[in-house]
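According to our numbering, the sequence shown is numbered sequentially starting from 7. Glycine included, each C-beta is placed from N, C-alpha and C at the ideal position. What follows is a short report on a single structure.
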Amino acid sequence: MLYPDGEVTRMLSRVTSEATYKVYYEKALRIPADCHLELILVFAAPRLQTIKVYGINNVLKRLLVSNIKMRKIPTTIRYLQQLQDLSLENGVLDSFSLKPLKGIRSLTFVNLRSNKLRRLQVCKDPNLIISIERLELAENLLEYIDMEFFTPFKWLKELRLELNQLKQITANKPNNFLTSIDFSLWDMPALHAIDLSRNPLKRLINLSNKFPKLNYLNILRTDIRCLSINGSNISENDLLDVLNTAGNPSTTCPTNSSFPHPFLQGIIIDMWFFTPFKRFRDLDLSNNIFKKIIANKSVALLLLPFNLKFFN
7 MLYPDGEVTR MLSRVTSEAT YKVYYEKALR IPADCHLELI LVFAAPRLQT IKVYGINNVL
67 KRLLVSNIKM RKIPTTIRYL QQLQDLSLEN GVLDSFSLKP LKGIRSLTFV NLRSNKLRRL
127 QVCKDPNLII SIERLELAEN LLEYIDMEFF TPFKWLKELR LELNQLKQIT ANKPNNFLTS
187 IDFSLWDMPA LHAIDLSRNP LKRLINLSNK FPKLNYLNIL RTDIRCLSIN GSNISENDLL
247 DVLNTAGNPS TTCPTNSSFP HPFLQGIIID MWFFTPFKRF RDLDLSNNIF KKIIANKSVA
307 LLLLPFNLKF FN
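Below is the structure:
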């Protein structure tokens with residue numbers, strides 16, 4: 007069986023710059039430092055468990071392998087210094103670490119579609135910079151994403167996450183300039199928690215009905231000045247358990263608002279909600295199953311300038 011290794015590679019390099027395999031039967035794909043191929047394409051590698059690069063290779067630009075048995079990206083990938091495209095799809099990769107990609111400055115596209123990814127490993131190296139512009143993680147088993155994972159991605163333009171099992175996305179980026187989010191293209195039917203606290207957000211666009219299992223929304227200390235609780239922001243059909251709106255500017259709020267959320271168990275409110283609005287007269291919180299209401303201590307509930315209704 008011919009594979010890009012040793013004398014066979016040297017022989018192929020003299021007559022071609024590409025090697026294509028319909029089926030690759032070896033357990034290891036070996037790429038020596040003096041391999042002069044620019045493209046290695048493998049349509050199926052049912053026994054492939056690892057890729058071994060023997061020394062720094064400055065020629066190979068595209069490594070595309072499908073139907074593999076590897077569970078993680080091999081660390082020797084970093085020796086492919088001129089690699090531009092890396093595709094390891096339709097396999098059993100269960101975790102994604104950025105360490106094997108460290109130092110590959112020309113890498114712009116990584117495709118890990120249709121694997122078994124459950125974990126994105128956050129790198130703690132503050133000096134790590136990843137040049138990837140397009141990252142394909144669709145059709146995996148991801149349930150949780152820590153947005154800190156993407157900190158080293160300085161040029162990321164496209165991120166594909168559809169057809170995962172996302173339930174939670176967390177981020178802690180207080181020093182940013184994000185002022186609005188349009189959820190119209192977010193396809194995450196299993197997402198149940200969104201934490202946007204401490205961001206300079208002013209608007210949430212097309213939030214309603216995009217996340218049918220959403221039960222936790224935290225917009226603490228953002229710059230959202232108007233949240234429609236039964237209009238375009240939050241639908242009465244949403245399954246909210248907890249809504250945190252504390253610490254937001256007291257500018258406007260819909261008047262005569264009704265809040266029939268039968269699943270809502272707690273609401274965290276602050277001066278944003280209980281400010282003496284000149285036109286705010288009624289707040290209806292009936293048809294809920296509240297277990298607690300947390301308010302700013304400076305708010306005198308008995309002196310509210312509007313009618314507050316909890317029960318039918």
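Nonlocal neighbours in the same chain, by C-beta distance under 7 Å from residue i, ignoring five residues either side
i: residue 12; result: Because the pLDDT at residue 12 is just 47, under 50, the model does not fix this residue reliably, and the value given afterwards should be weighed accordingly. Counting only Cβ-Cβ distances below 7 Å, and skipping sequence neighbours, we find 38.
i: residue 5; result: Residue 5 falls outside the range modelled here, since the chain spans only 7 to 318, and no answer is possible.
i: residue 188; result: 211, 212
i: residue 127; result: 101, 102, 103
Close-in-space but distant-in-sequence residues of the same chain around residue i (CB under 8 Å, 5 per side omitted)
i: residue 89; result: 66, 67, 68, 69, 83, 110, 112, 113
i: residue 58; result: 34, 35, 36, 37, 80, 82
i: residue 184; result: 205, 206, 207
CB contact flag (residue i, residue j, <8 Å)
i: residue 123; j: residue 148; result: yes
i: residue 226; j: residue 200; result: no
i: residue 198; j: residue 174; result: yes
i: residue 208; j: residue 230; result: yes
i: residue 186; j: residue 151; result: no
i: residue 53; j: residue 78; result: no
i: residue 163; j: residue 139; result: yes
i: residue 141; j: residue 165; result: yes
Residue i versus the options, residue with shortest Cα-Cα distance
i: residue 155; options: 211, 196, 129; result: 129
i: residue 213; options: 194, 206, 80; result: 194
i: residue 27; options: 120, 108, 45, 145; result: 45
i: residue 55; options: 92, 166, 98, 191; result: 98
i: residue 62; options: 42, 87, 188; result: 87
i: residue 119; options: 131, 143, 100, 43; result: 143
i: residue 398; options: 223, 106, 228, 41; result: No answer is possible for residue 398: it lies beyond the span of the chain, which begins at 7 and ends at 318.
i: residue 43; options: 22, 91, 188; result: 22
i: residue 115; options: 228, 192, 127, 93; result: 93
i: residue 169; options: 29, 190, 131, 196; result: 196
Where the beta strand (DSSP E) through residue i begins and ends
i: residue 174; result: 174–176
i: residue 224; result: 222–224
i: residue 199; result: 199–201
i: residue 117; result: 115–117
i: residue 38; result: 34–38
i: residue 209; result: 209–211
i: residue 188; result: 186–188
i: residue 23; result: Taken as a continuous stretch (DSSP letters only), residue 23 belongs to no beta strand (DSSP E), as it is neither H nor E.
i: residue 56; result: 56–60
i: residue 150; result: 150–152
Beta-carbon contacts of residue i that lie in its chain and below 6 Å, excluding the five residues immediately before and after
i: residue 121; result: 97, 99, 146
i: residue 125; result: 101
i: residue 192; result: 216
i: residue 167; result: 143
Cβ contact (3+ pairs, closer than 8 Å) linking the region 146–159 and the region 127–138:
Touching, yes.
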